[in-house]
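Colleague: So the sequence lines, in the order shown, correspond to chains A and B. Quick note on numbering: the first sequence equals residues 1 to 162 in our numbering. Quick note on numbering: the second sequence equals residues 1 to 268 in our numbering. Ideal Cβ positions, reconstructed from N, Cα and C, are used throughout, including at glycine.
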Amino acid sequence: MASVTMTVNGKSVTATIDPRMLLSSFLREHLRLTGTHVGCDTSQCGACVVHVDGRAIKSCTALAISLDGAQVTTIEGLAADGHLHPMQEAFREHHGLQCGFCTPGMIMSAVDIVNRKGAMLDEHTIREELEGNICRCTGYHNIVKAVAAGAQAMAATKVAAE
Amino acid sequence: MYAFNYQRPKTVRQAAGLLAKAGGDGKLLAGGQTLLPTMKQRLASPAMLIDLNQVDGMSGIELKGRNLHIGAMTKHADVANSHVVKTAIPGLAALAEGIGDPAVRNRGTIGGSIANNDPAADYPAACLGLGATIVTNKRKIPADEFFTGMFDTALEEGEIVTKVIFPVPQKAAYEKFPNPASRYAMVGVFVGKKGSDVRVAVTGAGANGVFRLPEFEAALKTRFNAKSLDGLSVPADGLNGDIHASPEYRAHLIGVMAKRAVSKALGK
Ligand SMILES: Cc1cc2nc3c(=O)[nH]c(=O)nc-3n(C[C@H](O)[C@H](O)[C@H](O)COP(=O)(O)OP(=O)(O)OC[C@H]3O[C@@H](n4cnc5c(N)ncnc54)[C@H](O)[C@@H]3O)c2cc1C
Ligand code: FES
Ligand code: FES
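1. Counting only beta-carbon separations shorter than 8 angstroms, does Val104 of chain B have a partner in chain C?
2. With C-beta atoms as the reference, is Ile114 of chain B less than 8 angstroms away from Val135 of chain B?
3. Examine the Cβ distances between the segment 32-48 of chain A and the segment 101-109 of chain A and report whether three or more of them are shorter than 8 angstroms.
4. Identify every residue that forms a DSSP beta bridge with Asn5 of chain B.
5. Thinking Phe224 of chain B and Val262 of chain B are a contact (beta carbons under 8 angstroms), I'd like their distance in whole angstroms, please.
6. Exposed or buried, which one is Glu157 of chain B when buried takes at least 16 other CB atoms within 10 Å?
7. Does the distance from the CB of Val50 of chain A to the CB of Ala70 of chain A come in under 8 angstroms?
8. Given that a residue counts as buried once 16 or more other Cβ atoms are within 10 Å of its Cβ, and exposed if not, what is Ser59 of chain B?
9. How about the segment 244-252 of chain B and the segment 145-161 of chain B: do they share at least three Cβ pairs that are nearer than 8 angstroms?
10. Tell me which residues share the same chain as Pro19 of chain A and place their Cβ nearer than 7 angstroms to its Cβ, disregarding the 5 neighbours each side in the sequence.
11. Can you tell me which of B:Arg260, B:Ala265, B:Lys10 and B:Ala80 puts its alpha carbon nearest to the alpha carbon of Val104 of chain B?
12. Could you tell me which of B:Ala121, B:Val85 and B:Tyr6 sits nearest to Leu68 of chain B, measuring between CA atoms?
13. Does the structure place the segment 89-104 of chain B close enough to the segment 3-19 of chain B that three or more beta carbon pairs sit under 8 angstroms?
14. Counting only the same chain and skipping the five closest in sequence on each side, list residues whose C-beta sits under 8 angstroms from that of Ala153 of chain A.
15. List in chain order: all unbroken beta strand (DSSP E) runs of 3+ residues lying wholly within the segment 79-139 of chain B.
16. Give a yes or no on whether 8 angstroms exceeds the smallest Cβ distance from Val49 of chain A to chain B.
17. Going by Cα to Cα distance, which pick from B:Glu62, B:Arg66 and B:Ala251 is closest to Thr203 of chain B?
18. For Leu63 of chain A, list the residues DSSP reports as bridge partners.
19. Give a single yes or no on whether Gly39 of chain A has its beta carbon closer than 7 angstroms to a heavy atom of ligand 2.
20. Name the chain B residues whose beta carbon is nearer than 8 angstroms to that of Ser43 of chain A?
21. Using a Cβ cut-off of 8 angstroms (strictly closer), state whether Ser174 of chain A contacts chain B.
22. Would you tell me roughly how many angstroms separate the C-alpha atoms of Ala126 of chain B and Ile57 of chain A, rounded to the nearest one?
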């Protein structure tokens with residue numbers, strides 16, 4: 001057992017864990033943040049994507065112990081003051097989900113794409129950038145629309161805040 | 001995943017000391033994008049896991065004279081987005097941008113990729129195609145001697161890759177035919193030209209991992225143009241065959257990817 005401290009959705013957490021514990025298990029089982037989903041557990045599907053120090057990673061493919069000192073944001077950390085994050089709102093508005101299992105990972109990846117590539121995303125870019133996120137329901141079409149709209153909404157919210 | 005003793009050294013020397021102490025039962029953890037899935041499947045069960053993520057000075061990109069130095073712990077995304085790499089060796093930045101998906105690129109490292117020497121990995125082709133030097137805590141190994149076979153390298157027990165040095169070429173490009181599901185190379189060809197030296201390195205196809213194509217190199221030395229490769233073919237013997245592609249199809253793809261890479265290197 002070993003001790004790990006990290007900041008999750010703005011709160012500092014310290015825990016004594018087995019070094020084998022994956023970040024996904026740490027979030028879900030230890031912190032009870034079950035919004036982060038585990039679809040494949042083999043690094044393929046992207047349902048488990050969270051942000052670590054501002055970058056999207058697959059939480060099923062990282063040891064929690066290795067992230068001592070990290071800043072982690074999960075899907076639970078996006079909404080502020082009871083309002084959905086613009087990307088979450090865009091998925092709702094554009095029907096970007098059916099069963100919803102892939103959605104937390106899709107949204108965390110989508111926010112990361114906007115952070116890296118800006119608000120004006122064409123369809124090709126979105127599809128390429130979602131390479132690591134698998135959805136077995138939607139056929140992706142509405143996810144792509146939602147990401148494009150969410151990206152612009154994020155930019156608009158940022159302008160409004162300034 | 002089986003239990004292991006976790007260690008987080010701060011220096012390369014400490015990491016090497018721990019590896020020696022583990023005596024063959026220790027494994028280095030870099031980005032974990034290959035090692036952790038392997039441990040989950042219980043195909044690897046190291047008694048000691050030595051995490052390189054807090055080791056000082058193992059990541060970073062620097063142009064020194066006509067050589068590009070990339071630290072072993074430098075992540076694929078950082079190579080892909082580096083202005084220095086994009087300017088010095090754009091083909092290398094593009095190669096890094098084509099590895100897996102964004103989340104994998106945010107964790108996976110160049111050192112982990114070449115130490116693993118997956119026969120379908122991208123970086124080994126760049127190392128061989130650019131005539132890179134792999135620097136370890138013990139010595140410098142030319143890429144031509146480093147990749148010794150499928151999942152096999154010249155690394156000895158206790159040896160740690162610390163950086164990779166790429167001579168800056170005049171022209172270079174990489175073309176990959178990705179497996180549509182995994183994005184690993186079904187066939188990938190890296191072409192590099194520096195002075196009169198031309199290198200053509202193939203990944204994804206060889207049953208023994210990455211390899212060079214002397215016939216293609218000779219033809220391109222005479223004239224560096226895709227047309228120079230007309231009529232040249234690669235025998236299917238010794239190439240991989242699996243559900244994704246037969247050895248014959250891979251042999252054909254090598255020719256196609258090589259021509260595309262040459263044209264790309266020429267900016268066509
Ligand atoms: C979904 C997915 C898609 C992928 N697609 C591609 C792709 O298209 N192309 C591609 O090339 N790769 C691909 N990869 C593999 C990826 O690039 C890995 O990041 C890489 O192969 C291993 O790097 P790592 O830093 O994650 O190493 P780790 O997994 O941490 O380590 C791999 C091995 O290297 C050893 N090692 C690590 N660092 C060192 C060092 N400095 N010195 C000595 N030994 C060391 C470790 O002990 C271990 O045995 C993919 C992976 C995933 C999960
Ligand atoms: S659960 Fe992590 S990638 Fe599928
Ligand atoms: S909505 Fe069901 S997996 Fe994507």
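Modeller: By the coordinates alone:
1. Given the protein chain composition of this structure (A and B), no chain C is represented.
2. Indexing the second sequence from 1 puts residue 114 of chain B at position 114. Indexing the second sequence from 1 puts residue 135 of chain B at position 135. Result no, Cβ atoms of Ile114 of chain B and Val135 of chain B do not sit closer than 8 angstroms.
3. yes
4. Within the second sequence, residue 5 of chain B is the residue found at index 5, counting from 1. B:Met48.
5. Walking along the second sequence from the start, residue 224 of chain B turns up at place 224. Walking along the second sequence from the start, residue 262 of chain B turns up at place 262. Sure, about 7 angstroms apart at Cβ, within 8 angstroms.
6. Indexing the second sequence from 1 puts residue 157 of chain B at position 157. By the neighbour-count rule (16 or more Cβ atoms within 10 Å), Glu157 of chain B is not buried but exposed.
7. Position 50 of the first sequence, counting from 1, holds the residue named residue 50 of chain A. Position 70 of the first sequence, counting from 1, holds the residue named residue 70 of chain A. Not a contact, by the Cβ cut-off of 8 angstroms.
8. If you number the second sequence from 1, residue 59 of chain B lands on position 59. It counts as buried.
9. No contact exists between the segment 244-252 of chain B and the segment 145-161 of chain B.
10. Locating residue 19 of chain A in the first sequence gives position 19, counting from the first residue. Excluding positions up to five away in sequence, the list reads Ala2, Leu63 and Ile65.
11. On the second sequence, residue 104 of chain B is found 104 positions in, with the first residue counted as 1. It is B:Ala80 whose Cα lies nearest to the Cα of Val104 of chain B.
12. Indexing the second sequence from 1 puts residue 68 of chain B at position 68. For Leu68 of chain B, the nearest C-alpha among the options comes from B:Val85.
13. no
14. Mapped onto the first sequence, residue 153 of chain A falls at position 153. The answer, listed in chain order, is Pro86, Met87, Glu89 and Ala90.
15. 133-136
16. Mapped onto the first sequence, residue 49 of chain A falls at position 49. The beta carbon of Val49 of chain A falls within 8 angstroms of a beta carbon belonging to chain B, placing the residue at that interface.
17. Position 203 of the second sequence, counted from the start, is the residue given in the question as residue 203 of chain B. The candidate whose alpha carbon is nearest that of Thr203 of chain B is B:Ala251.
18. As a working note, residue 63 of chain A is residue 63 in the first sequence. Leu63 of chain A pairs with A:Leu22.
19. Sequence index remark: in the first sequence, residue 39 of chain A carries index 39 (1-based). Because some heavy atom of ligand 2 lies under 7 angstroms away, the Cβ of Gly39 of chain A counts as near it: yes.
20. Within the first sequence, residue 43 of chain A is the residue found at index 43, counting from 1. Within 8 angstroms Cβ-Cβ: Gln33, Leu36, Pro37 and Val104.
21. Since the first residue shown for chain A is 1 and the last is 162, residue 174 of chain A is missing from the structure and cannot be characterised.
22. Here residue 126 of chain B refers to the residue found at position 126 when the second sequence is read from its first residue. Here residue 57 of chain A refers to the residue found at position 57 when the first sequence is read from its first residue. Here the C-alpha atom of Ala126 of chain B lies approximately 25 angstroms from the C-alpha atom of Ile57 of chain A.
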